[in-house]
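Report on one structure; see the data block that follows.
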Amino acid sequence: MRGLFALLAVLTTVFAAPQPAAAIAGGEDARTGAYAFSVLLTMTGLPADGGGTRDSSCSGALIAPRWVITAGHCFRDASGDRVSRTVAEQTTAIIGRTDVQSDAGYEVTVVDVHQADHTDVALAELADPVTGITPIPLATASPTGGEVLRLTGFGLLGDGTPARRMQTGLFTVGHVDPVTLEASGRSPRPDTSPCPHDSGGPYFREKPLALVAVVSTGPGCPHPGPDYSARVDNLTDWITDTTADRPLPSYALAAAALLAVVLAAVSRPLLRTAGVDRGLSSPAARR
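Per this note's numbering, residue 1 is the first one in the sequence shown, and the count goes up by one each step.
Laid out in structure tokens, this is it:
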């Protein structure tokens, strides 16, 4: 936990801005304990351009005791290509924690990654199953224009500072195609929008609860108009097959054991570079 606090302190210093925070860009703090299936994915020791390493993060959702769904671009190699493996020295899923500075919930090592074909979705496999938190069900009905979805995430706030608490907002679905959907801010503000590091955050129906899509790409935040998310309702067969009970690969077990021993207590500063996604871009840059 000291390492996480140190990381937050560094991020606040690096990204502080004079204007007040707007949350998810125009979102609001989630109630303590709400949306416990929401996940913060932290990546420590990613390869950096020009050598060395950097840290980053994404958002996601628990869909099975040992599986987190997120954006595919959260796992990319030094060339920027999506890969079906972890890339950082340590990738950790933090689940069931509304306040990032608390010790609530679970911290579980990510040991393997599965990329979906032709869409920006990945499944992250956990070293141990999460108990006591109910995974979010997958939607079985297609999204429709005008439908209202909720989003949760742990990305930057509207002023560019890192969120210390899970953020949430409501969005209206616009155009829907076979792979993606457009969603525009609805509440608390018309310009409520995902920010960097909200990548992979879940868009879901509240009644009945069902995961519809994950954050993929869009303009800099905050902004009115749509962001673009990867649908998951049409990936149920692939998700079911991938997450079926099976033993962890031996290399994943060895990696998890090694990482548990060598993980440093002090995190490095999080370096952000402009890019084309919610995982790595700055608020002013198009993802």
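For glycine and all other residues, C-beta sits at the position ideal for the given N, C-alpha and C.
Check, Outcome
"Beta-carbon gap between Ala124 and Thr243 smaller than 8 Å", "no"
"DSSP beta-bridge partners of Cys58", "Leu41"
"For Thr298, three-class secondary structure by DSSP", "Lying before the first or after the last residue shown, residue 298 is absent from the chain, which here runs from 1 to 287."
"Ile136 and Ala61 closer than 8 Å at C-beta", "yes"
"Beta carbon proximity, Gly200 to chain C, threshold 8 Å", "In summary, chain C is missing from the structure at hand, where a single protein chain is found."
"Those residues which DSSP pairs with Thr168 across a bridge", "Glu28 and Thr152"
"Exposure of Arg31, with buried meaning 16 or more beta-carbon neighbours within 10 Å", "exposed"
"Thr172 beta carbon less than 8 Å from that of Arg150", "no"
"Inter-residue Cα distance where the pair is Pro208 and Asp241", "24 Å"
"Helix, strand or coil at Gly185 according to DSSP, with G and I counted as helix", "strand"
"Nearest-angstrom Cα separation, counted from Asp233 out to Ala141", "7 Å"
"His114, DSSP secondary structure in three states", "strand"
"As assigned by DSSP and simplified to three states, the class of His73", "helix"
"Distance, Ser229 Cα to Gly146 Cα", "15 Å"
"Paired residues, beta bridge with Ile136 - DSSP", "Its beta-bridge partners do not exist; DSSP assigns none."
"Backbone secondary structure at Thr161 - three-state DSSP", "coil"
"Ala93 vs Val68 beta-carbon contact at 8 Å", "yes"
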